[in-house]
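Written below as structure tokens is the structure these notes are about.
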Amino acid sequence: MSTSELTDYLWSSHHPSNIWIVYAGVAVMAVVLLWVYDKFVLKSKK
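Read in order, the letters of the sequence shown correspond to residues 147 to 192 in my numbering.
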């Protein structure tokens, strides 16, 4: 198996480009949790 064939095989079988879905999910979850923290936790400390 040549280098280019191995690269094509790995890209087609493991789909590494889908990691951006995971990164986007983590970012959205962080935004939501920071908003909840700001609205509920910090408000109760005042």
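Every residue gets a Cβ at the ideal spot worked out from N, C-alpha and C, and that includes glycine.
message: If you measure between the beta carbons of Asp-157 and Ser-163, is that distance less than 9 Å?
response: What you label residue 157 is simply residue 11 of the sequence shown in a count that begins at 1. What you label residue 163 is simply residue 17 of the sequence shown in a count that begins at 1. Per the sequence shown, residue 157 should be read as Trp rather than Asp. Taking 9 Å as the cut-off, the Cβ atoms of Trp-157 and Ser-163 count as close.
task: Locate the alpha helix (DSSP H) running through Tyr-169, then write down its first and last residues.
output: As a position in the sequence shown, residue 169 is number 23, starting the count at 1. Run containing Tyr-169: 165-182, per the alpha helix (DSSP H) assignment.
task: Mind checking which residues open and close the alpha helix (DSSP H) that includes His-160?
output: Counting from 1 along the sequence shown, the entry for residue 160 is found at position 14. Here the alpha helix (DSSP H) through His-160 covers 149-160.
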